[in-house]
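Q: This is the structure I want to talk about, given as structure tokens.
4 protein chains.
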Amino acid sequence: MSNTHTVRVAIIGATGYTGSELVRILLRHPRVEIAAITSERRAGEKFADVHPHFHGILPHRLESVENLAAYELDVVFLALPHGVSMDFVKKFHDERFRIIDLSGDFRLRSPAVYAEWYGKDHSYSDGFRQAVYGLPEMHRAQIADARLIANPGCYPTCSILGVLPLLEGGMIDPAHIIVDAKSGTTGAGITPKPATHYSAVSDNFRAYGLTSHRHTIEIEEQLMAGGARAHAVQFTPHLLPVDRGILATIYSYPSSKATEERIHAVYAQRYDAEPFVRVRSEPPTLKDVRGSNFCDVHITFDRRTRRIITLSAIDNLVKGAAGQAVQNMNIMFGLSEETGLDQIPMNP
Amino acid sequence: MSNTHTVRVAIIGATGYTGSELVRILLRHPRVEIAAITSERRAGEKFADVHPHFHGILPHRLESVENLAAYELDVVFLALPHGVSMDFVKKFHDERFRIIDLSGDFRLRSPAVYAEWYGKDHSYSDGFRQAVYGLPEMHRAQIADARLIANPGCYPTCSILGVLPLLEGGMIDPAHIIVDAKSGTTGAGITPKPATHYSAVSDNFRAYGLTSHRHTIEIEEQLMAGGARAHAVQFTPHLLPVDRGILATIYSYPSSKATEERIHAVYAQRYDAEPFVRVRSEPPTLKDVRGSNFCDVHITFDRRTRRIITLSAIDNLVKGAAGQAVQNMNIMFGLSEETGLDQIPMNP
Amino acid sequence: MSNTHTVRVAIIGATGYTGSELVRILLRHPRVEIAAITSERRAGEKFADVHPHFHGILPHRLESVENLAAYELDVVFLALPHGVSMDFVKKFHDERFRIIDLSGDFRLRSPAVYAEWYGKDHSYSDGFRQAVYGLPEMHRAQIADARLIANPGCYPTCSILGVLPLLEGGMIDPAHIIVDAKSGTTGAGITPKPATHYSAVSDNFRAYGLTSHRHTIEIEEQLMAGGARAHAVQFTPHLLPVDRGILATIYSYPSSKATEERIHAVYAQRYDAEPFVRVRSEPPTLKDVRGSNFCDVHITFDRRTRRIITLSAIDNLVKGAAGQAVQNMNIMFGLSEETGLDQIPMNP
Amino acid sequence: MSNTHTVRVAIIGATGYTGSELVRILLRHPRVEIAAITSERRAGEKFADVHPHFHGILPHRLESVENLAAYELDVVFLALPHGVSMDFVKKFHDERFRIIDLSGDFRLRSPAVYAEWYGKDHSYSDGFRQAVYGLPEMHRAQIADARLIANPGCYPTCSILGVLPLLEGGMIDPAHIIVDAKSGTTGAGITPKPATHYSAVSDNFRAYGLTSHRHTIEIEEQLMAGGARAHAVQFTPHLLPVDRGILATIYSYPSSKATEERIHAVYAQRYDAEPFVRVRSEPPTLKDVRGSNFCDVHITFDRRTRRIITLSAIDNLVKGAAGQAVQNMNIMFGLSEETGLDQIPMNP
């Protein structure tokens, strides 16, 4: 696109946290025009009545997706639940706009794997052929040309970026990776549920989804793409009494060629040019990245035990969802990757 | 100043929350250059080592204030404790730069009142003659020309904006105003203290400073400037288990000319052109304004009791401190008042 | 009853916070035997599966209320929503057991007032004639003989105990009482709702139910029983990001006979013999009473403004619900009022 | 001791959380008399002024330890920082009372190991010969006769109980145990510090003490007592935004003889008779044990990866400190182990 063109976007399904966060970012993006925001359930209502913090900032009303035909669109963001998103991708297969799907529907390598981990058949197998896994730090080139982006899950973004340089650099045994991940509650969505009722979360902490969380296979597929033995990743999610943020503590075993210096070197080298990955000399906290698109990574070699501990922190709604989606959009439309993503972390 | 000039600023005392928040805002302000950031105690250290969320964003080191002479400065922000700030204002009295003081040192009408409420003598009486109380919604014209701005306190900003239209419009009895205010802990500063130790605040709530909080007199002086009887404002602060935000619940009694319609009309009229005051039809929450420069106001007339309840919400670090300081700077330098202050509230 | 008799109790509707808290207290009560715990919706399940913290402590299964006939019962606690409770009271009208109703169904003085404030007709008017308002500090004698106790609301308990000595002692103008109350979320129940979703409450704060909360009339009726003019109480509830606890900040105006000394004297005198009201010289915090049956009260006379500020703190699930219900039970069965209620506040 | 004798106790150093929690438990213990509570720094003040939630419950004043000679004592609890406690143990070496030391000073196997991990020389080597590690589930018999109990650390209690049956049963490879532990802030004590300032913890999360936390060696020494290779345990602590509670997520590899059934069987068998360890079929949360002496354990065998995940949850101030100390006292004085420790978890 030309350097002065405006990217015209629509957001499909904007009543949740991801939709709201997309609007927060896109509304201040200097090259974007938000053409339409949709919700089938609350069509007709003002966006600012659903998300009151936008009062006086955004005049848009929520529309039905049926209205999209009225707009010239460059890209559509799908902020829908998995299982629903695939039907919209299918429905839009002949449209000229490009699609960034924030659900899990096209992240895995095949409909069969999807069915195994999501427990339901996939309704649009053709999508898998087009979909590019939208982690810019891994797949930047393909993202640029993609028509359909499968925007990564929050846990996978945090976990993969934490351990990737070790795997790529051959620094660890790929068969033994343990990801102990802790997430804020916004990852569980805006719909009230017993598990995210205030008093169930506040002053509390729990593990959940042991051995079976869907993000396990997403992490494995991306990390093992190079052919390492399968079933290598142990992934355990936990629910933190915080709104936003994921911290992954990753344990691995050094390979024979690994030294403490080499380990630090592969991180420095791998992420030096990455605008959103910060290699930190101190353990990062969630507030160090809150509200921003940063992924903060810290690496420790334990000389006593000869194990490696990696810490990785993101804001699950930004680098783990809406921010990364905009980063992908920037790549797709030839914009500087940081455009509109210069939010400074909000701490405290 | 010309429309393309850059405002060169220094921040004095940047190890606290207010200093950090000033940097968060000013760094993304399109017309500002941060020339220097000072701290006597930690001079020489990198700003990003003191506030790690700025890692990779800001290269500045903290300097001693003695270094300021090396810079051409247009304005200096004082983010210092009360009692300390006055000495810097005095020291800077011959400098060409303008001063925005975020402490309480020049907010009251005289050294005598200061001494009474702050419990110590004032060291720079001359400052009172120059100082303009920097609440743009009240004193915009004087702010434009001021050399020294006394940036308002967080509680007073929230309280005054909540009730001002009622007083100006003659809608209430000025002798009976009760402000029951609840604040997050960042208002108490970054220095660890028993009262702001995690377990003292978390899952807890308390009132403090009953009958004697310094912001009481600040609210009274501003509200009673028109000559109403003194000692009218009852102010009770409380400490919330939240980081940011103040909600003031204000009780008052309608005057004979007040009607429900007139009351709503004075708010609509008074704040219609104000860029940062949003009159809300629903009670605002702290997250509706968090991270932004908004003050959200809601007004209720209780027909049964014939009392008026006003709710007013701000982010104490933004509209209650750093954001309002930048708003004042914009006015002082002929910039559009909203420049650099378009942060959308972060919710959740 | 004889001094060694055991009180046989049933708890009706034990899937919520109040039911769970009743079990927490009654299970360690030295004179109580929990005969049955009911829930229509989850009958057949183990109580400890619904409330997992009771794992290994309590073997009971939830039963249908239809099973109650199988038990010899001395007293039944109704931990049901208002509007549901009345039907059970009606159904039980011929039973020999006594009833402690923790809902709002029989707290007001008439079905007409109930209909006005609760927005629905009452189905069992006869209950109003029997019901005694179960605030021991006001109605101890009637409670002893009552067949039906209307256990007070959480906000009314906190508010009434805070201001009662002032009214009884003629120390204040009864026409101008403002109660600004702040409550934890357990007061809103265990059912997930948007307003109590974790991220709606966490790091947030709001007022709600302005001018119309049902506890307003409950407070008024109890405080104004002596014949003072109606419509005196302004009551504003707020939602705190905490699990448990209410703090009420109460503003009033001294009568001509009030002096600072007399005010403190009426509190000391009124509450000296009360086992659960602690007159505190410092403002109480929620954690000072958490998990206990205490109500902590603090009184301040503002010499400058000549207003009185009272702070009152309770645990809404204990003194505001289950604990007070057990206190009432102790009175009804001739036990020492403190039996089984010696929980020390859990802080932190 | 005879069955009706009262145990006379003193608590040394009662201004912190552990001291306060000891008083909460011992004050309701039916066989205990609290003779004295000491603090050098605040001697003379009322205990209830230091810990206001005890107002009206406990009349004791804090005394200097010099006053202890005036009391007949059976046992003394040391609730002092490590490095300080050892001097008191030394000072008391000729006293007739027994000692339960809640610090880390006598938990390790030798002064040399202590010096290595605590970074300072030990001043009372003789203590190591007498000290018994006070984990009743491992060392009940020795505890009964001990003169000096080294009460276990909070993390070690939680970690050891989580994985002990696997090790004892030969179900896992002892060389590869990873303990990812998350703790509330009370573990860091009552003294205000930057790391436990409210806004540093609230809505935040971090790892700390990577590879070097002192509890690492404590866990290793207890688990490896049977002779397994050293340096097996990887221990990573994290700071949760909660007051109380530790959850340890423990990863290990099954030995050749391990099967899913055998693994569950060793837990059932090992803990069946333990009054305070609950084997849970669902992942425990912190609130499931809060305020109680329970340790809740959950075991998962991942068939896909062939790894074992154990979850273990305690209240760090109870089973991780004061509660376990009282459990040890009960054993030492021939009382039923559960006496005074029947607190039901407070949830929410």
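Taken in order, these protein sequences are the chains called A, B, C and D.
Heads up: the first sequence is residues 0 to 347, going by numbering that gives the first Met the number 0.
Heads up: the second sequence is residues 0 to 347, going by numbering that gives the first Met the number 0.
Heads up: the third sequence is residues 0 to 347, going by numbering that gives the first Met the number 0.
Heads up: the fourth sequence is residues 0 to 347, going by numbering that gives the first Met the number 0.
Backbone N, C-alpha and C fix where the C-beta goes; we use that ideal spot for every residue, glycine too.
For a contact defined as C-beta to C-beta under 9 Å, what are the partners of A/Lys109 on chain C?
A: It should be noted that the sequence gives Ser, not Lys, for residue 109 of chain A. The contacting residues do not exist; A/Ser109 stays about 35 Å from chain C at best.
Q: Determine whether the beta carbon atoms of B/Glu62 and B/Ser38 lie at a separation below 9 Å.
A: yes
Q: Would a check of beta-carbon distances place D/Val241 closer than 9 Å to chain B?
A: yes
Q: What are the complete alpha helix (DSSP H) segments, minimum 4 residues, inside the stretch 185-215 of chain A?
A: 197-200
Q: List in chain order: all unbroken alpha helix (DSSP H) runs of 4+ residues lying wholly within the stretch 216-298 of chain A.
A: Every alpha helix (DSSP H) of 4 residues or more that sits fully in the stretch 216-298 of chain A is shown, in chain order, as 259-270.
Q: Is the CB of B/Ser182 under 9 Å away from at least one CB in chain A?
A: So no, B/Ser182 is outside the interface.
Q: Quick check: is the beta carbon of A/Asn315 nearer than 9 Å to any beta carbon in chain D?
A: no
Q: CB-CB under 8 Å to A/Leu163, same chain, minus the five flanking residues each way: which ones, in chain order?
A: Glu136, Met137, Leu222 and Arg269
Q: Ignoring anything shorter than 3 residues, give me the beta strand (DSSP E) runs that lie fully in the stretch 12-97 of chain D, in order along the chain.
A: 31-37 and 74-77
Q: For the stretch 192-215 of chain A, enumerate the residues whose C-beta is nearer than 8 Å to any C-beta of chain C, in chain order.
A: Lys192, Pro193, Thr195, His196, Tyr197, Ser198, Ala199, Val200, Ser201 and Asp202
Q: Determine, for A/Tyr117, whether the minimum Cβ-Cβ distance to residues of chain C falls below 9 Å.
A: Judged by the 9 Å Cβ criterion, A/Tyr117 is not in contact with chain C.
Q: Using only the alpha-carbon positions, how far apart do A/Gln141 and B/Met345 sit?
A: 32 Å
Q: Locate the alpha helix (DSSP H) running through A/Ala143, then write down its first and last residues.
A: Pro135 to Asp144
Q: Let me know if D/Ala224 comes out buried or exposed under the rule of 16 or more other beta-carbons within 10 Å of its beta-carbon.
A: exposed
Q: What is the C-beta distance between A/Asp341 and D/Lys286, in whole angstroms, given that I count them as a contact (C-beta under 8 Å)?
A: No, A/Asp341 and D/Lys286 are not in contact; Cβ-Cβ is about 40 Å, not under 8 Å.
Q: Pick out whichever of B/Leu26, B/Pro29 and B/Arg41 has its Cα sitting closest to the Cα of B/Gly15.
A: B/Arg41
Q: Verify whether the separation of the beta carbon atoms of C/His263 and C/Glu281 is less than 9 Å.
A: no
Q: Find out if the Cβ-Cβ distance for the pair A/Thr215, A/Leu316 is shorter than 9 Å.
A: No, the pair does not count as a contact, with Cβ atoms beyond the cut-off.
Q: Beta carbon of A/Asp179, beta carbon of A/Thr258: below 9 Å?
A: no
Q: Closer than 8 Å is the cut-off here; do at least three beta carbon pairs connect the stretch 294-308 of chain B with the stretch 153-167 of chain B?
A: Taking 8 Å as the limit for Cβ pairs, the verdict is that the stretch 153-167 of chain B does touch the stretch 294-308 of chain B.
Q: Suppose you measure from the CA of B/Ser311 to the CA of B/Leu79; what does that come to, to the nearest Å?
A: 26 Å
Q: Is there a Cβ of chain C sitting closer than 9 Å to that of B/Asp179, yes or no?
A: Output row for B/Asp179: interface = yes.
Q: Assess, as a yes-or-no matter, whether the stretch 17-33 of chain A is touched by the stretch 330-338 of chain A under the definition of 3 or more beta carbon pairs within less than 8 Å.
A: yes
Q: Note down, in chain order, every chain B residue with its Cβ under 9 Å from the Cβ of D/Thr185.
A: Tyr197 and Ser198
Q: Please classify C/Leu127: does DSSP put it in a helix, a strand, or coil?
A: Checking the sequence shown, residue 127 of chain C turns out to be Phe, not Leu. Note: C/Phe127 maps to helix in three-state DSSP.
Q: What residue does the alpha helix (DSSP H) around C/Thr156 start on, and which one ends it?
A: Cys153 to Glu167
Q: Keeping to the same chain, check which residues put their C-beta closer than 6 Å to that of A/Glu44; ignore five residues upstream and five downstream.
A: Within the same chain, Cβ atoms closer than 6 Å to the Cβ of A/Glu44 are found at Leu61, the five residues on either side in sequence being excluded.
Q: Just to confirm my understanding: we take C/Thr5, look at its own chain, exclude 5 residues before and 5 after, and list those with CB closer than 8 Å. What are they?
A: Arg30, Val31 and Glu32
Q: Given that B/Leu246 touches chain C, what residues does it touch there, using C-beta distances under 8 Å?
A: Phe204, Arg205, Ala206 and His237
Q: Which chain B residues sit within Cβ distance under 7 Å of A/Ile56?
A: Near A/Ile56 (Cβ distances below 7 Å), the residues of chain B are Ile343.
Q: Given that a residue counts as buried once 16 or more other Cβ atoms are within 10 Å of its Cβ, and exposed if not, what is D/Thr190?
A: Result: exposed.
Q: Are the stretch 112-119 of chain C and the stretch 88-96 of chain C touching, with three or more C-beta to C-beta distances below 8 Å?
A: no
Q: Secondary structure at C/Ala174, three-state DSSP: helix, strand or coil?
A: In the structure shown, C/Ala174 sits in coil (DSSP, three-state: anything other than H, G, I, E or B).
Q: Less than 9 Å between CB atoms is the rule here; does D/Leu310 satisfy it with respect to chain C?
A: no
Q: Let me check understanding here. Comparing Cα to Cα, which of B/Asp104, B/Ala143, B/Arg277 and B/Pro51 lies closest to B/Val74?
A: B/Ala143
Q: Check the Cβ of C/Arg30 against every Cβ in chain B and list those closer than 8 Å, keeping chain order.
A: None at all; the shortest Cβ gap to chain B is about 32 Å.
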